[in-house]
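Undergrad: Questions regarding the structure given below will be posed in turn.
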């Protein structure tokens with residue numbers, strides 16, 4: 001019955017704009033993506049948005065509670081730590097480290113893991129055997145311990161935190177991309193590409209990769225959340241950037257010391273961590289849902 | 001004149017998912033005891049929807065807007081859940097389309113065959129097992145003891161379908177709904193299964209609603225046929241009449257469009273567009289005379 | 001008599017055979033046992049069989065999409081049995097395939113335009129993009145599809161439309177040989193007739209040789225000149241459709257034909273047992 005109307009297909013808007021609209025209709029994408037966007041703005045314009053210098057110590061105003069509580073000060077909206085540093089400003093500056101690590105580490109892990117996964121899944125044979133063995137062995141190491149070890153070796157700084165995360169997490173991408181590549185390789189559109197005479201390399205990147213992309217995009221978003229947590233753990237342990245630069249993990253470590261006198265110093269960055277990871281997870285979930293229906297419809 | 005076993009009248013339904021698009025348009029159908037009626041149509045014609053209405057498994061997105069489905073004096077559309085559950089499986093049963101997915105892969109055949117017997121007829125495990133063995137013999141399975149112990153994946157497609165047929169006839173239903181039961185099977189296996197269904201049906205006096213898109217199958221095992229298009233009954237009657245003297249141009253065109261191994265020039269004439277125009281016209285007339293839902 | 005365009009002799013295909021680390025060979029399952037096939041220019045042959053007959057494997061072996069464990073394949077005089085990928089590429093243009101499930105055989109992430117234009121540019125059938133687009137527009141007309149299809153993704157078209165895109169894709173490269181693998185299974189009878197007609201016309205217009213794989217003997221009768229009947233990896237009968245369908249030599253063919261219900265009431269049909277029907 002669909003045949004009668006099918007030969008006169010109605011004109012619908014171009015697929016590009018439809019894809020965007022599908023994305024924007026997904027509530028998780030809007031919420032998660034919106035929050036991340038907010039964080040990006042905070043990170044980029046931190047010096048203009050933060051009310052105080054994050055490093056400025058004001059011993060006269062030490063350990064002040066948030067402004068809406070007794071003893072709070074309007075100048076320090078979320079209170080201060082024991083050295084009189086403004087919690088809010090430190091949190092805003094903390095987004096810089098968190099987001100830098102999130103974006104760079106996730107992208108690099110994705111790049112390395114995806115390339116290896118694509119080759120392993122498509123070419124099979126020895127390439128697959130070597131890469132799979134590598135992944136199995138690699139994944140046997142406890143990740144957090146390994147990252148601590150790596151940072152201890154490389155020295156502190158954002159670059160070593162990123163390196164530590166990438167060196168461990170590429171395996172996650174490799175596994176998923178490899179299995180998705182193998183699944184796509186079974187499909188007839190790949191066989192069709194072979195009958196047409198495209199080279200194996202061309203097929204891998206032109207035919208298979210676009211179909212692996214939805215899974216990949218969702219995974220990158222999740223990975224960003226993971227990277228933020230790993231950075232927080234490392235800075236909690238004092239192995240991240242130098243102690244001058246404010247990080248959420250560092251703040252949590254400091255807050256732990258004075259938890260009875262100034263619980264807000266610990267709770268604020270913890271809440272920020274929680275919200276950020278949640279946002280990345282939601283974004284990833286929403287992206288997966290919005291991009292997947294191409295097949296389902 | 002005995003009352004028919006099943007009487008569907010004025011059955012109309014729309015799809016809530018497609019903004020109220022009609023799925024069934026005033027469908028009428030009667031079925032006598034022991035009669036085999038074919039429900040034929042191309043995809044989207046509404047035959048599965050009618051089958052689902054008979055089995056009480058209409059999806060939530062389908063809304064019945066009128067008519068009744070009278071089975072032995074009870075309207076299946078308006079029965080409470082419990083009464084419906086009592087009927088399904090024992091008085092009305094199903095032979096499903098896909099033998100792969102219709103059996104639980106995690107349970108042995110014996111369990112699945114004896115479920116209904118124990119639940120609905122209160123048989124003990126031993127009695128149910130004995131009955132299951134008899135059923136498997138009835139569907140010409142050569143080694144019923146072994147099959148009872150098997151898991152579905154250990155049996156071939158044809159064997160699985162036989163088990164499903166045994167299951168459908170297990171509780172001696174009055175009506176069996178066969179939903180394209182041979183579509184997924186090889187043609188030689190199809191013939192055996194058709195023979196089996198017809199044989200069981202004649203032996204037990206069961207009525208069958210046979211959903212299919214294949215006019216050849218209809219010709220060989222259905223006493224009567226109802227042809228659907230876009231949810232509307234286009235033609236119905238005794239199979240021999242409808243196939244040898246079709247009245248509606250759509251019926252004629254459909255018969256001509258099918259390929260035949262004994263005629264080299266058959267199968268190359270699609271249904272002409274003026275036939276579709278006529279059908280569309282009739283549908284518009286029908287929809288126009290109905291109050292807007 | 002000119003040599004056939006595509007010829008296979010003694011074709012064998014084995015799945016799953018491998019070497020263990022210790023160097024031992026593990027036997028695989030033999031799916032084709034010494035099959036011979038010959039397809040002449042301009043003729044359409046049918047390859048028919050039930051599930052497990054090996055018909056799909058035979059088709060893919062002819063196109064060098066699966067590896068053969070024995071036998072020879074010759075295309076237009078060239079032995080292509082073990083030709084490396086680079087040498088196969090120019091030949092690939094001349095041997096095309098249409099698939100059963102157009103949903104799976106059209107890349108869901110590509111537009112129809114991309115799916116149809118790229119092969120033309122790859123093989124240089126069109127000089128540049130503009131010429132390619134012209135050819136694509138022409139073929140869409142030929143298969144009666146609206147030009148608006150070009151900017152769509154495959155899932156936005158109907159099943160029949162997708163199938164016609166599959167046919168268009170194969171025909172665009174103007175091949176010498178086309179393999180059609182169960183391309184009308186699952187289509188409505190009316191759509192099926194449209195597709196078969198289209199195929200027949202294109203085959204005449206382009207002078208194509210075709211191998212039409214199907215489990216449906218009636219469909220084979222409609223468009224094939226000769227037919228190969230397969231069973232469990234072997235050819236049990238071969239010949240012109242007229243002869244095979246009216247006077248089959250093999251009891252298996254006879255059994256296949258008897259199993260087909262015709263749309264005319266025949267009270268004896270159901271109970272007629274022919275040959276040795278294995279219980280399923």
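Protein chains in written order, with our numbering: chain H, 1 to 297; chain X, 1 to 293; chain R, 1 to 280. Glycine included, each C-beta is placed from N, C-alpha and C at the ideal position.
#1: For residue 261 of chain X and chain R, any beta-carbon pair shorter than 9 Å?
#2: Excluding five sequence neighbours on each side, which residues of the same chain lie with their C-beta closer than 8 Å to the C-beta of residue 34 of chain R?
#3: Measuring CA to CA, which of R:207, R:47 and R:166 is closest to residue 239 of chain R?
#4: Counting pairs of Cβ atoms below 8 Å between the stretch 257-274 of chain R and the stretch 188-204 of chain X, do you hit three or more?
#5: Return the CA-CA distance between residue 121 of chain H and residue 118 of chain R, expressed in angstroms with no decimal places.
#6: State the CB to CB distance for the pair residue 283 of chain H and residue 221 of chain H, rounded to an integer number of angstroms; the pair is presumed to be in contact (CB under 8 Å).
#7: Counting only Cβ-Cβ distances shorter than 9 Å, please list the residues of the stretch 207-219 of chain X near chain R, keeping chain order.
#8: Is residue 271 of chain X close to chain R? Criterion is C-beta to C-beta, closer than 9 Å.
#9: Just verifying my parser: in three-state terms, what is the DSSP assignment at residue 15 of chain R?
#10: Given that residue 264 of chain R touches chain X, what residues does it touch there, using C-beta distances under 8 Å?
#11: Shortest alpha-carbon distance to residue 99 of chain X belongs to which of X:273, X:267 and X:189?
#12: What separation, rounded to the nearest whole angstrom, lies between the Cα atoms of residue 113 of chain R and residue 286 of chain H?
#13: List, in chain order, every chain H residue whose beta-carbon is nearer than 9 Å to that of residue 123 of chain R.
#14: For a cutoff of 9 Å on Cβ pairs, would you count residue 104 of chain R as touching chain H?
#15: Tell me, which residues are paired with residue 88 of chain X by DSSP?
#16: Does residue 252 of chain X get closer than 9 Å to chain R when you measure Cβ to Cβ?
#17: Taking only beta-carbon atoms, is residue 100 of chain R less than 9 Å away from chain H?
#18: Going along chain H in order, which residues have a C-beta closer than 7 Å to the C-beta of residue 96 of chain R?
#19: Residues of chain X with CB under 9 Å from residue 255 of chain R, in chain order?
#20: Determine, using beta carbons only, whether residue 177 of chain X and residue 35 of chain X come nearer to each other than 9 Å.
#21: Report the three-state DSSP secondary structure of residue 96 of chain R (helix, strand or coil).
#22: Can the beta-carbon of residue 155 of chain R be found closer than 9 Å to that of residue 49 of chain R?
#23: Going by CA-CA distance only, name the one from R:45, R:194, R:58 and R:202 that's closest to residue 232 of chain R.
#24: Relative to the C-alpha of residue 61 of chain H, which candidate in H:72, H:267 and H:51 has its C-alpha closest?
#25: Nearest by alpha-carbon distance to residue 105 of chain H: which of H:274, H:219 and H:271 is it?
#26: Reducing DSSP to helix, strand and coil, say where residue 39 of chain R ends up.
#27: Can you look up residue 261 of chain X in the DSSP assignment and give me helix, strand or coil?
#28: State the CB to CB distance for the pair residue 80 of chain R and residue 91 of chain R, rounded to an integer number of angstroms; the pair is presumed to be in contact (CB under 8 Å).
#29: Can you tell me where the beta strand (DSSP E) holding residue 39 of chain X begins and where it ends?
#30: According to DSSP, is residue 3 of chain X part of a helix, a strand, or is it coil?
#31: With a cut-off of 9 Å, does the C-beta of residue 107 of chain R fall near any C-beta of chain H?
#32: Taking Cβ positions, are residue 225 of chain H and residue 102 of chain H nearer each other than 9 Å?
#33: Could you list which residues in chain X have their beta carbon closer than 9 Å to that of residue 197 of chain R, in chain order?
#34: Measure from the C-beta of residue 50 of chain R to each C-beta in chain X and report whether the shortest distance is under 9 Å.
#35: Which residues, in chain order, does the stretch 181-192 of chain H contribute to contact with chain R at a C-beta distance below 8 Å?
#36: Measure how close the beta-carbons of residue 166 of chain R and residue 187 of chain R come, nearest whole angstrom, since I'm counting them as under 8 Å.
TA: In brief:
#1: Yes, because at least one Cβ of chain R sits closer than 9 Å to the Cβ of residue 261 of chain X.
#2: 10, 11, 12, 70, 71 and 234.
#3: Among R:207, R:47 and R:166, the Cα nearest to that of residue 239 of chain R is on R:47.
#4: With the cut-off at 8 Å, the stretch 257-274 of chain R and the stretch 188-204 of chain X touch.
#5: Going from the Cα of residue 121 of chain H to the Cα of residue 118 of chain R covers about 24 Å.
#6: Their Cβ separation, rounded to whole angstroms, is 5 Å, which keeps residue 283 of chain H and residue 221 of chain H in contact under 8 Å.
#7: Residues 213, 214, 215, 216, 217, 218 and 219.
#8: With a threshold of 9 Å between beta carbons, residue 271 of chain X makes contact with chain R.
#9: If DSSP states are grouped into helix, strand and coil, residue 15 of chain R belongs with the strands.
#10: For the C-beta of residue 264 of chain R, the chain X residues within less than 8 Å are, from N- to C-terminus, 219, 243 and 244.
#11: For residue 99 of chain X, the closest alpha carbon among the candidates X:273, X:267 and X:189 is that of X:189.
#12: Approximately 29 Å between the Cα atoms of the pair.
#13: Within chain H, the residues near residue 123 of chain R are 196 and 197.
#14: By this cut-off, residue 104 of chain R is an interface position.
#15: Beta-bridge partners of residue 88 of chain X (DSSP): X:92.
#16: No, residue 252 of chain X lies away from the interface with chain R (no Cβ there is under 9 Å from its Cβ).
#17: Residue 100 of chain R counts as touching chain H.
#18: Here the neighbours are 195.
#19: Within 9 Å Cβ-Cβ: 188.
#20: No, Cβ-Cβ distance for residue 177 of chain X and residue 35 of chain X is not below 9 Å.
#21: Residue state, collapsed to three classes: strand.
#22: No Cβ-Cβ contact shorter than 9 Å links residue 155 of chain R with residue 49 of chain R.
#23: If we check each option's Cα against that of residue 232 of chain R, R:58 comes out closest.
#24: Here the closest residue by C-alpha is H:72.
#25: Per the C-alpha coordinates, the member of H:274, H:219 and H:271 positioned closest to residue 105 of chain H is H:219.
#26: When secondary structure is reduced to three states using DSSP, residue 39 of chain R falls in the strand class.
#27: Reduced to three states, the DSSP call for residue 261 of chain X is coil.
#28: Yes, residue 80 of chain R and residue 91 of chain R are in contact; Cβ-Cβ is about 6 Å, under 8 Å.
#29: Note, residue 39 of chain X: beta strand (DSSP E), 36-40.
#30: Three-state DSSP puts residue 3 of chain X in coil, outside helix and strand.
#31: Interface with chain H (9 Å Cβ-Cβ cutoff): residue 107 of chain R is included.
#32: Here residue 225 of chain H is near residue 102 of chain H, since their CB atoms are less than 9 Å apart.
#33: Residues of chain X passing the Cβ test: 268, 269 and 270.
#34: Using a CB distance cut-off of 9 Å, residue 50 of chain R counts as an interface residue toward chain X.
#35: Correct list: 187, 188, 189, 191 and 192.
#36: So it is not a contact: roughly 12 Å between Cβ atoms.
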